[in-house]
Amino acid sequence: MDCTAYPQFSFGGSTTLPGFTPAQNGEIGDLVKGLAVGGLSEAEQRQIQDRVDEIAVTVPESERPYHYTGLWGTGLAWLGGAILAVSLLLFAGRRVRR
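Printed below as a string of structure tokens:
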């Protein structure tokens, strides 16, 4: 969740954070509405973010936004190494032909 200055924040819609229950979304929405009168100070933004973080750790990993299960860690290192090796072979082959 990103907090912005009062004129940029929309209070018309409901707060919907992926993986949060309707009650949790409502709690965050009410917190934002209560604190945002006249704009959000840095401390108020931190208070909202802290509460979002507290709730977010209870959301199952599969329901979290930006849940990435693809290539990562060792697999990503192997892919990077393979790309580097192929690039070096192509570069070396190109130089030999000249």
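Using my numbering, you'd call the opening residue of the sequence shown number 17 and step up by one each time.
Yeah, the Cβ is synthetic: ideal placement off N, Cα and C, and Gly gets one too.
From a predicted model like this one, the values you see are computed outputs, not experimental measurements.
Inter-residue Cα distance where the pair is residue 105 and residue 58: In the sequence shown, the residue the question calls residue 105 occupies position 89. In the sequence shown, the residue the question calls residue 58 occupies position 42. Residue 105 and residue 58 have their C-alpha atoms some 53 Å from each other.
If residue 36 and residue 75 are in contact, beta carbons under 8 Å, what's the gap, nearest whole angstrom? Here the question's residue 36 lines up with position 20 in the sequence shown. Here the question's residue 75 lines up with position 59 in the sequence shown. Right, their Cβ atoms sit about 7 Å apart.
Between residue 45 and residue 102, what straight-line distance do the alpha-carbon atoms span, to the nearest angstrom? By 1-based counting over the sequence shown, the position of residue 45 is 29. By 1-based counting over the sequence shown, the position of residue 102 is 86. Each residue's Cα considered, the two are about 51 Å apart.
If we count the other Cβ atoms within 10 Å of its Cβ and call it buried at 16 or more, is residue 98 buried or exposed? Numbered from its first residue, the sequence shown carries residue 98 at position 82. So residue 98 counts as exposed.
For residue 53, which three-state DSSP category applies? Your numbering for residue 53 matches position 37 in the sequence shown. DSSP places residue 53 outside both helix and strand once states are collapsed to three, so it counts as coil.
On the CB-based measure, 16 or more other CB atoms within 10 Å of its CB, does residue 68 come out buried or exposed? Along the sequence shown, read from residue 1 onward, the residue named residue 68 stands at position 52. Of the other Cβ atoms in all chains shown, 16 or more fall within 10 Å of the Cβ of residue 68; this residue is therefore buried.
Taking DSSP as the reference, what is the three-state secondary structure of residue 89? One-based indexing of the sequence shown puts residue 89 at position 73. In the three-state scheme derived from DSSP, where H, G and I count as helix and E and B as strand, residue 89 is classed as coil.
Selection from 47, 90, 95, 96 that minimises the alpha carbon distance to residue 61: What you label residue 61 is simply residue 45 of the sequence shown in a count that begins at 1. For residue 61, the closest of 47, 90, 95, 96 by C-alpha to C-alpha distance is 47.
For residue 51 versus residue 65, is the C-beta distance shorter than 8 Å? Here residue 51 refers to the residue found at position 35 of the sequence shown. Here residue 65 refers to the residue found at position 49 of the sequence shown. By the CB criterion at 8 Å, residue 51 and residue 65 fall outside the cutoff.
Distance between residue 95 and residue 40 (C-alpha atoms, nearest Å): Position 24 of the sequence shown, counting from 1, holds the residue named residue 40. Position 79 of the sequence shown, counting from 1, holds the residue named residue 95. When only Cα atoms are considered, residue 40 and residue 95 end up about 40 Å apart.
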